[in-house]
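Heads up: the structure comes next, in structure tokens.
Residue numbers (our numbering), protein chains in the order written: chain A, 13 to 257; chain B, 15 to 758.
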């Protein structure tokens, strides 16, 4: 499954060498990246956002912030608070999440990746829960995803049926929700992505979901790890790029 | 000097503190009186094999360890090597064998935690981990649970701290049934302008600051435990094993890097083996200063802990720093941001004394050099190396058994069960992960590639220890070269049995000599390392296993070479389904397959032959030239892929190259099934490469080049025999579960 043998000579210059064009960065492109103690994909997401020309800014778990300052918010992956109690459970009670809830109400696009997904579920900003993989082990592998319903901000240009190759890396990524709720999610077009081949036992292959209002969205795979051909895939770029509008 | 202690009482103490009577005598002479109170614990810990390297130091000094690239080597927590352009790599390899056998999850996890601290204590952000694991026979008692626990432990720690595990090796052999090996290498990167932090204490009057987790009773006497052979009672040693918390380590990484890069600390060292004792005495000794420490100010997890236990606790995730008093507030603020406490527990003294104080009572006052510099050094008996199992040239024709190709054995089974439990991509630098023979990381500033590999083939060590030690550098260096990577520096983890046995010590000395000779010939100094002796249980020693870790440079990360036969899609340049339509419909992707051989060492089947033998002459300079020429070839744009042939021969390697879905079509290769093995051989793919190969290798090497066949879709065909590639893959993937029924 791993994208081995990449022969592409296509090398994009890493735009994270913060040279010039900061004047082009407006608040429209400003993205808040939320860090908790134990978040470990924060720097990767920051770098990925810079690669596509967005303007990331750190938000710490103790911060409260004014939502209007940002075009979007991202909760990166990792092990916030060491996954103690349950993955995402402690982070969901952090002060910063009060501001995230306000931003969600206000309609701001909010993306959770991996542990960020778990935190958004624990915060009841997204439906369902993420439980231990069916294998009962951590799993790192490449997966193919299929887009079910387009999201208006993240990967907005992707059409239903589109396919993306992204890596997963999680121990608790099996999406779970009561069956009647599950049916409601499909009916209300809240399913974002499914796995082409289910890696972790997620109900109905679900890899990503949205809230009812369609502004809060999350997925288990890591788009920030698929930004350049040398990473194995560039399919993750589009998730962030479409924030540029 | 009169040592007037009751004999049996003394004997009891020597046994308890694991010291010999000679060592005791020496210690008494140094301090000027019979050891008393806490002095026993201090000498026991710091003079243990684990802390003092007393059996190995005289030999380790012989290592080739310096060239213009080396910025720090012996004496620091890890080696620092200049990559040019301001980029520097900091790396080291370490063992955690004994704790992992007693408690596999925590043993392996804390092994990873410890080696990571050696890296970030120098100011470098850890960017990658590698593991080198040796387990016993899959059917040996506890083996399945040991494999399970160790792999979970490495993953559990590395994944959580956010450092990817990008390469590794796993071996199986009955000599490890009662003493598994768990070695881990950590690699850190200092970017242009970032500061290196050192461990030598300085500045009388400066404060000694303790940061990180609170001290508990875990791991007390861990260092001396690791310096002993196992017996039937090893189960009782469980309380000596430390418990790790990767979440705490993650906070410690971020906060320590921040205070170092803000230039707020004078010196810093992690509390590893023998805890606070070794860090304080070593920092003072290296800096030629003294230290006053108030043990009652150490943050404690357990109020019933004694001062002796505070000194020896190996509680994890703790650091000791020297800070200028006026900087302390700033240091405290950084740690507070990350939710950690920083406690002032003492001061640096001009006088070269370490004074330990407990509730205003001086427990002990000692010159740190007595415990560090003056530790015993042993010239354990050994004999100069004579080749083992080497045939005279006359005998070789009849006595070298043919290699059997193997498929589905524990060594030819997929490692996905292991590697998929490791996060291989966090940090956005991984170009080649565990799927490849060697790892490649992207250096973010120069956009060059940083290659990493681990080495040592235990089956070659069993054939001849010196040959195996040469090979423990040569083989991974050749694998790196096949990816266009030049090996520039080396770390090692020398796992051996009981050094008091002459045959073990002889293998150790021969290994050090061979590694040093290879390092010098490659101009890749040995900049850090670790020795693990007493890998012996009930009198049975493990296979001597000098594991190595290599780092190297590749000029770019483009034009990478495949280690499998290129599939049409890979040929077209991407596996992304979004760009699948780019894949070529023509037959261009069919490549020629060549074999390149260095005629030097022939060997019989190392796997099934009860007493394998070899013939030929080892020639370091020829091997190094072969490695360099291979790198030249690997950087040629005409070459599609390269793979180094393993000890199981060509057929097995061709089958491994078919695992991505592209097969092979060759004439009858039965010739290769009736011949002995050869060090070293390569399989190379591309179009009409004869001239390119000839141009790459110097004629004096007399390499033999042979076209074996071509790649083809779907089938692996040799003469009349053919098998679907999908079936090869299935057998390879399923073999793991056959050997480890509960770990599928």
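Built from N, CA and C at the ideal position, the CB exists for glycine as well. On a predicted model such as this, the values are computed, not experimentally measured, just so you know.
Pick from the options that is closest to residue i, judged by C-alpha positions
{"i": "residue 127 (chain A)", "options": "A:220, A:239, A:247", "result": "A:220"}
{"i": "residue 258 (chain A)", "options": "A:166, A:233, A:79, A:203", "result": "The requested residue 258 (chain A) does not occur in the structure, where chain A is confined to residues 13 to 257."}
{"i": "residue 261 (chain B)", "options": "B:234, B:165, B:124, B:425", "result": "B:124"}
{"i": "residue 561 (chain B)", "options": "B:32, B:214, B:584, B:522", "result": "B:522"}
{"i": "residue 213 (chain B)", "options": "B:89, B:287, B:119, B:122", "result": "B:89"}
{"i": "residue 483 (chain B)", "options": "B:533, B:435, B:528, B:24", "result": "B:528"}
{"i": "residue 144 (chain B)", "options": "B:437, B:547, B:479", "result": "B:437"}
{"i": "residue 373 (chain B)", "options": "B:422, B:406, B:321, B:644", "result": "B:321"}
{"i": "residue 333 (chain B)", "options": "B:476, B:566, B:226", "result": "B:226"}
{"i": "residue 286 (chain B)", "options": "B:313, B:257, B:269", "result": "B:257"}
{"i": "residue 99 (chain A)", "options": "A:254, A:193, A:190, A:145", "result": "A:145"}
{"i": "residue 224 (chain A)", "options": "A:240, A:204, A:95", "result": "A:204"}
{"i": "residue 185 (chain A)", "options": "A:142, A:206, A:178", "result": "A:142"}
{"i": "residue 394 (chain B)", "options": "B:441, B:327, B:519", "result": "B:519"}
{"i": "residue 200 (chain B)", "options": "B:388, B:738, B:696, B:467", "result": "B:467"}
{"i": "residue 441 (chain B)", "options": "A:42, A:90, A:69", "result": "A:90"}
Length of the line joining the Cα atoms of residue i and residue j
{"i": "residue 227 (chain A)", "j": "residue 155 (chain A)", "result": "25 Å"}
{"i": "residue 572 (chain B)", "j": "residue 505 (chain B)", "result": "27 Å"}
{"i": "residue 209 (chain A)", "j": "residue 292 (chain B)", "result": "52 Å"}
{"i": "residue 33 (chain B)", "j": "residue 549 (chain B)", "result": "18 Å"}
{"i": "residue 750 (chain B)", "j": "residue 69 (chain B)", "result": "39 Å"}
{"i": "residue 152 (chain B)", "j": "residue 753 (chain B)", "result": "6 Å"}
{"i": "residue 731 (chain B)", "j": "residue 415 (chain B)", "result": "25 Å"}
{"i": "residue 131 (chain B)", "j": "residue 544 (chain B)", "result": "15 Å"}
{"i": "residue 231 (chain A)", "j": "residue 172 (chain B)", "result": "22 Å"}
{"i": "residue 58 (chain A)", "j": "residue 502 (chain B)", "result": "32 Å"}
{"i": "residue 93 (chain B)", "j": "residue 311 (chain B)", "result": "33 Å"}
{"i": "residue 43 (chain B)", "j": "residue 57 (chain B)", "result": "13 Å"}
{"i": "residue 615 (chain B)", "j": "residue 477 (chain B)", "result": "12 Å"}
{"i": "residue 198 (chain B)", "j": "residue 178 (chain B)", "result": "12 Å"}
Nearest-angstrom beta carbon gap, residue j and residue i [assumed within contact, 8 Å]
{"i": "residue 581 (chain B)", "j": "residue 671 (chain B)", "result": "Not really, about 11 Å apart at Cβ, beyond 8 Å."}
{"i": "residue 463 (chain B)", "j": "residue 490 (chain B)", "result": "Not confirmed; about 16 Å, so no contact."}
{"i": "residue 661 (chain B)", "j": "residue 474 (chain B)", "result": "7 Å"}
{"i": "residue 626 (chain B)", "j": "residue 619 (chain B)", "result": "6 Å"}
{"i": "residue 686 (chain B)", "j": "residue 664 (chain B)", "result": "5 Å"}
{"i": "residue 678 (chain B)", "j": "residue 668 (chain B)", "result": "5 Å"}
For residue i, the three-state DSSP class (helix, strand or coil)
{"i": "residue 273 (chain B)", "result": "helix"}
{"i": "residue 53 (chain A)", "result": "coil"}
{"i": "residue 491 (chain B)", "result": "helix"}
{"i": "residue 404 (chain B)", "result": "strand"}
{"i": "residue 391 (chain B)", "result": "coil"}
{"i": "residue 199 (chain B)", "result": "strand"}
{"i": "residue 13 (chain A)", "result": "The pLDDT assigned to residue 13 (chain A) is 37, lower than 50, so where the model puts this residue is not dependable, and the model offers no usable value."}
{"i": "residue 182 (chain B)", "result": "strand"}
{"i": "residue 301 (chain B)", "result": "helix"}
{"i": "residue 261 (chain B)", "result": "helix"}
{"i": "residue 38 (chain B)", "result": "helix"}
{"i": "residue 46 (chain A)", "result": "strand"}
{"i": "residue 4 (chain B)", "result": "Outside the shown range of chain B, which is 15 to 758, sits residue 4 (chain B), and nothing can be said about it."}
{"i": "residue 145 (chain B)", "result": "strand"}
{"i": "residue 90 (chain B)", "result": "coil"}
{"i": "residue 749 (chain B)", "result": "helix"}
{"i": "residue 532 (chain B)", "result": "helix"}
{"i": "residue 350 (chain B)", "result": "helix"}
{"i": "residue 204 (chain B)", "result": "strand"}
{"i": "residue 570 (chain B)", "result": "coil"}
{"i": "residue 20 (chain B)", "result": "coil"}
{"i": "residue 357 (chain B)", "result": "strand"}
{"i": "residue 95 (chain B)", "result": "strand"}
{"i": "residue 21 (chain A)", "result": "For residue 21 (chain A), the predicted structure reports a pLDDT of 33, less than 50, and the residue's modelled location is therefore unreliable. A value from the coordinates is still provided. Coil."}
Residue ranges of each alpha helix (DSSP H) within the segment 589–676 of chain B, 4 or longer: 634–648, 664–671
Would you mind listing the beta strand (DSSP E) stretches within the segment 448–474 of chain B that are 3+ residues and don't spill past its ends, in chain order? 453–456, 463–469
To test your reading of the DSSP string, which unbroken alpha helix (DSSP H) runs of 4 or more residues are found completely within the segment 119–171 of chain A? 127–134
Taking only runs that begin and end inside the segment 170–228 of chain A, name each unbroken beta strand (DSSP E) of 3 or more residues, in chain order. 175–182, 186–188, 203–207, 218–222
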